[in-house]
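J.: Which chain is which? The protein sequence lines are A and B, in order. For the first sequence, the residue numbers in the UniProt record's numbering are 1 to 357. For the second sequence, the residue numbers in the UniProt record's numbering are 1 to 328. Cβ coordinates follow ideal geometry from the N, Cα and C atoms, glycine included. No experiment lies behind these values; they were computed from the predicted model shown.
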Amino acid sequence: MEDGNKFIEVRDLHVEFDVRAGIIKAVDGMWLEINRGQTVGVIGESGCGKSVTARAIMNMVPKPGKISGGEILYHRKNKDTGEVTTIDITKLDPDGEVIRQIRGGEIGMIFQEPMSSLTPVYTAGTHIYEAVSLHRLVPVKKVGDQMVETIMTYRKVTKQEAREIAIDMLRRVGIPKPDQRVDSYPHQLSGGQRQRVMIAIALSCEPEMLIADEPTTALDVSIEAQILDVMRELQHSVNMAIMFITHNLGVIAEMAEEIVVMYMGKQVERAKVVDLFYDPKHPYTQALLRSIPKIGKRGERLATIEGMVPDPFHLPTGCVFHPRCPMFMPGKCDRIVPTNKEVASNHWASCLLYEEV
Amino acid sequence: MVNYILRRLGYAVIMIVLVSFVGFCIIKLPPGDFLTQKLEQLRARGDRSAESQIEALRAKYGLDRPFMVQYTTWAVNFLKGDFGESFQYERPVKDLLGERLTMTVVLALATLIITWVLAIPLGVYSAVRQYSLGDQIITTISFIGIGIPGFLLALIILFFAIVVLNQDVLGLFSKEYIDAPWSVGKVIDLLKHLWIPALISAVTGTGGLIRIMRGNLLETMGQPFVEAARARGLRNRDVIWKHAVRVAINPLIVILGSEALPGIIGGNALVSIVLNLPTIGPLFVDSLRRLDMYLAGTCIVFFTILLLVGNLLADLVLAWVDPRIRLE
Ligand SMILES: Nc1ncnc2c1ncn2[C@@H]1O[C@H](COP(=O)(O)OP(=O)(O)OP(=O)(O)O)[C@@H](O)[C@H]1O
Ligand SMILES: [Mg+2]
Chain A
1 MEDGNKFIEV RDLHVEFDVR AGIIKAVDGM WLEINRGQTV GVIGESGCGK
51 SVTARAIMNM VPKPGKISGG EILYHRKNKD TGEVTTIDIT KLDPDGEVIR
101 QIRGGEIGMI FQEPMSSLTP VYTAGTHIYE AVSLHRLVPV KKVGDQMVET
151 IMTYRKVTKQ EAREIAIDML RRVGIPKPDQ RVDSYPHQLS GGQRQRVMIA
201 IALSCEPEML IADEPTTALD VSIEAQILDV MRELQHSVNM AIMFITHNLG
251 VIAEMAEEIV VMYMGKQVER AKVVDLFYDP KHPYTQALLR SIPKIGKRGE
301 RLATIEGMVP DPFHLPTGCV FHPRCPMFMP GKCDRIVPTN KEVASNHWAS
351 CLLYEEV
Chain B
1 MVNYILRRLG YAVIMIVLVS FVGFCIIKLP PGDFLTQKLE QLRARGDRSA
51 ESQIEALRAK YGLDRPFMVQ YTTWAVNFLK GDFGESFQYE RPVKDLLGER
101 LTMTVVLALA TLIITWVLAI PLGVYSAVRQ YSLGDQIITT ISFIGIGIPG
151 FLLALIILFF AIVVLNQDVL GLFSKEYIDA PWSVGKVIDL LKHLWIPALI
201 SAVTGTGGLI RIMRGNLLET MGQPFVEAAR ARGLRNRDVI WKHAVRVAIN
251 PLIVILGSEA LPGIIGGNAL VSIVLNLPTI GPLFVDSLRR LDMYLAGTCI
301 VFFTILLLVG NLLADLVLAW VDPRIRLE
């Protein structure tokens, strides 16, 4: 993996929610790497911290949560010069100029709740213009008479251009009659259409990375396939990275190259799709894969796996998975915290089965 | 949309007819009428021609005719712009109301504007800075505002203004302008006097509206579309005002028509009585006490019209700002 290709590195991220009953460690030492143009799937049971990690990357963890440790390195490439600068997103002012350029412009995000992610008083088009006028710039070539080199300058898109972009995006995500739908309000759109509008908004600024938090849950299978195609198409045309959060292992197998498995705010396993599906190393991943619904029932959520998710205020000692683990080794797993080890080539797991202790 | 407006106008007309009729009935409910009262007075003074005087008046005002005839005659004349005569002032109701009608509307509008101009930013601040010191101060003040009756506040301010500051807060005009024709000077003088009663009447409503705005906005800010707007790269100020507040304010417009306006008009009437303002309120209360039925009836009809027009305007504004209503 050469360095110039890295896009986002989440390093030992901690996010805490300070609620009345105590502190919830929603993300507790998370590691994640995403390269340019790469699709990384993130899976794990409900509540394991997938959405919180995604929000942390946008530096918009909601109150009463806060990033309490670690760093999120963003390797930002200048579009003209190709020069890469590294920014720690966790250190940015959450309402500052830099993070606002990143949000929507360089990293787009699609949220889990399609029904209410559009502002009810604005049309589909208005949402897209808003994003596009913040982030899309049109190059203007200024050619000076005596100048040898041309200087690139940029201007904002005009209203008319923004409208055309909006209609084009709606067409690409498969909304029928996009030139009319662009003026529709959210309540005039079906759930699936709203979700597609959300995707159109996120993709309209051609971000370098897309965070898709269960982007197709509300859609039927044929529309889902269409949306996934649009994402892949854009991914190829602008070399966009995707962080794909889902419960649907069928979809993730189709989309991702690499999969990260999360449990209790941590990465427990990371591998290429094929390796993970055919040779899962971590007992949690094994249990997760066993819980896949039978073939032909694609689209169903993961069945829950044996045992209860621990009480967030009384976390188990040692490996947090040990109370539910079929391979539990007394005296070891309840004492020692496992570290992330490369157990096979490009295959990482944090489990004491693979550690000499 | 046009249909909707026409339908609302139709309801409004029916409402005015009903209210005027019921109002008329209620005024007639107590035993006796204005002239019976007057007869007693004249007799007490030992006026010998009392009986015949009263009979003449009774015939003049049509009080000897059946109730329905009285009502219909009055209602038909009302439409022609003749509101009948006031018994106690022995003058046409129209002359009595005159500018008071305008002043009532002006005061109600001023109260409304002050309420919104104060409540919206304070409510927004309170919600955005939930649990901060500022929020706690605003919350305390708004509860006091809700709890304190307007007339009491008017009395307190009256006391302070007159006793402590030695300033004149009574009425809506300075002495030199009361009977003067309208001029720029008179308008400025009006504004100088207007803000005190408007502010007093606004206190209760403002307190309530701050609470509602704060509650609505807190709820709205938890909605996914607010987070989605932030994720598009909008600055916090735009996320709050263009998305959260823009949506959270719509229910306030509904309240404006249904609750806020009646409250404002009632509050204005009380404050007008305490501060002796030339609005319809004091005249109305007086007319009820004296069984001055045409005056009372006319006041009721105008209050109703004021409320219905306000309601209709609120509905129109709501339809204008909320596509869910407009495109229904
Ligand atoms: N606003 C909040 N206040 C308090 N706790 C929160 C909040 N948001 C998230 N959490 C906590 O963070 C943990 C992780 O939540 P997160 O939304 O990231 O889960 P998830 O993996 O996305 O689950 P799902 O698959 O259901 O979307 C949860 O256990 C929850 O208790
Ligand atoms: Mg989630």
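Which of helix, strand or coil does DSSP assign to residue 383(A)?
T.: Absent from the structure is residue 383(A), since the part of chain A shown begins at 1 and ends at 357.
J.: For L203(A), would you say it is in contact with chain B, using Cβ-to-Cβ distances shorter than 7 Å as the test?
T.: No, no contact with chain B.
J.: For the region 98-122 of chain A, enumerate the residues whose C-beta is nearer than 7 Å to any C-beta of chain B, in chain order.
T.: Result list: R100, Q101, R103, G104, G105, M109, F111, E113, S116, S117, L118, T119, P120, V121.
J.: Between the C-alpha atoms of Y125(B) and G207(B), what's the straight-line distance to the nearest angstrom?
T.: Each residue's alpha carbon lies about 14 Å from the other.
J.: Under a CB-based cut-off of 7 Å, is L316(B) close to chain A?
T.: No - not a single Cβ of chain A is within 7 Å of the one on L316(B).
J.: Quick one: which chain B residues come within Cβ less than 8 Å of Y185(A)?
T.: The contacting residues are P323, R324, L327.
J.: Below 6 Å, is the gap between the Cβ of K50(A) and the nearest heavy atom of ligand 2?
T.: Yes, the Cβ of K50(A) comes within 6 Å of a heavy atom of ligand 2.
J.: Would you list the residues sitting across from I211(A) in a DSSP beta bridge?
T.: The partner list for I211(A) (beta bridge, DSSP) reads M109(A), M243(A).
J.: For A212(A), go through chain B and note every residue whose CB falls closer than 9 Å to its CB, in chain order.
T.: The premise fails here: A212(A) is roughly 12 Å from chain B at the closest Cβ pair, so nothing lies under 9 Å.
J.: Between the Cα of R8(B) and those of A314(B), A44(B), P278(B), spot the shortest distance and give me the residue it belongs to.
T.: Considering only alpha carbons, the answer is A314(B).
J.: For L234(A), which of G108(A), L189(A), P330(A) has the nearest alpha-carbon?
T.: Among G108(A), L189(A), P330(A), the Cα nearest to that of L234(A) is on G108(A).
J.: Taking the alpha helix (DSSP H) that D168(A) belongs to, which residues open and close that run?
T.: Where D168(A) is concerned, the enclosing alpha helix (DSSP H) stretches over 159-172.
J.: Quick one: residues in its chain with C-beta nearer than 6 Å to the C-beta of H282(A), no 5 flanking neighbours on either side, listed in chain order?
T.: The answer, listed in chain order, is V268, E269, A349, C351.
J.: When we look at the beta-carbon of V271(B) and count the other beta-carbons within 10 Å, is it buried (16 or more) or exposed?
T.: Classification of V271(B): buried, given that the 10 Å Cβ count is 16 or more.
J.: Look up L32(A) in the DSSP assignment and give the residues it is bridged to.
T.: In DSSP, L32(A) forms a bridge with V10(A).
J.: I'd like to know whether the C-beta of F225(B) is nearer than 7 Å to at least one C-beta of chain A.
T.: Judged by the 7 Å Cβ criterion, F225(B) is in contact with chain A.
J.: Cα separation between T81(A) and I99(A)?
T.: Cα to Cα, the separation comes out at about 21 Å.
J.: Tell me the start and end of each unbroken beta strand (DSSP E) in the region 132-178 of chain B that is at least 3 residues and wholly inside, in chain order.
T.: Correct list: empty.
J.: Cα separation between L295(B) and V274(B)?
T.: Cα-Cα distance, rounded: 21 Å.
J.: Identify which residue in Y284(A), H14(A), Y278(A), M231(A) has its Cα closest to the Cα of E45(A).
T.: Residue Y284(A) is the option with its Cα nearest to E45(A).
J.: In the region 12-55 of chain B, which residue ranges form an unbroken alpha helix (DSSP H) of at least 4 residues, counting only runs that do not cross its ends?
T.: DSSP runs (the alpha helix (DSSP H)) wholly in the region 12-55 of chain B: 34-44.
J.: Under a three-way DSSP split, which group does H347(A) fall into?
T.: Strand, per DSSP.
J.: Return no unless some Cβ of chain A is closer than 7 Å to the Cβ of G81(B).
T.: No, G81(B) lies away from the interface with chain A (no Cβ there is under 7 Å from its Cβ).
J.: Applying the criterion that 16 or more other CB atoms from any shown protein chain within 10 Å of the CB defines a buried residue, is residue 376(A) buried or exposed?
T.: Past the edges of chain A, shown from 1 to 357, lies residue 376(A), and the structure says nothing about it.
J.: Kindly indicate which residue of M255(A), P62(A), G65(A), A56(A) has the alpha-carbon position closest to the one of Y74(A).
T.: Measuring from the Cα of Y74(A), the nearest candidate turns out to be A56(A).
J.: Classify I300(B) as buried or exposed, calling it buried when 16 or more other Cβ atoms lie within 10 Å of its own Cβ.
T.: It is buried - the Cβ of I300(B) has at least 16 other Cβ atoms within 10 Å.
J.: Does the structure place the region 153-164 of chain A close enough to the region 103-123 of chain A that three or more beta carbon pairs sit under 8 Å?
T.: The region 103-123 of chain A is not in contact with the region 153-164 of chain A.
J.: Which same chain residues, not among the five before or five after G29(A), have their C-beta less than 6 Å away from its C-beta?
T.: Same-chain partners within the cutoff: D12, K266.
J.: Got a sec, what are the start and stop residues for the beta strand (DSSP E) Y89(B) sits in?
T.: Where Y89(B) is concerned, there is no enclosing beta strand (DSSP E), given that its DSSP letter is neither H nor E.
J.: How about V84(A) and T53(A): are their beta carbons less than 7 Å apart?
T.: Their beta carbons are not under 7 Å apart, which means V84(A) does not touch T53(A) by this criterion.
J.: Can you tell which of Y61(B), E51(B), Y4(B), L109(B) has its C-alpha closest to the C-alpha of E90(B)?
T.: Cα-wise, what sits closest to E90(B) is Y61(B).
J.: Considering only residues of the same chain and omitting the five flanking positions on each side of A154(B), which have a CB-CB separation below 8 Å?
T.: The residues are P197, I200, L270, V271, V274, L275.
J.: Three or more C-beta pairs closer than 8 Å, one from the region 235-252 of chain B and one from the region 74-94 of chain B: is that the case here?
T.: Touching, no, given that fewer than three Cβ pairs across the two stretches are closer than 8 Å.
J.: Below 7 Å between beta carbons: does that hold for G41(A) and I252(A)?
T.: In contact: G41(A) and I252(A) (Cβ atoms closer than 7 Å).
J.: Taking one C-beta from the region 315-326 of chain B and one from the region 31-42 of chain B each time, how about it: are there three or more such pairs within less than 8 Å?
T.: The answer is no - the region 31-42 of chain B does not touch the region 315-326 of chain B, with fewer than three Cβ pairs under 8 Å.
J.: Compute the distance between the beta-carbons of T201(A) and I128(A), then report whether it is under 7 Å.
T.: Residue identity differs from the one stated: residue 201(A) is Ile in this sequence, not Thr. In contact: I201(A) and I128(A) (Cβ atoms closer than 7 Å).
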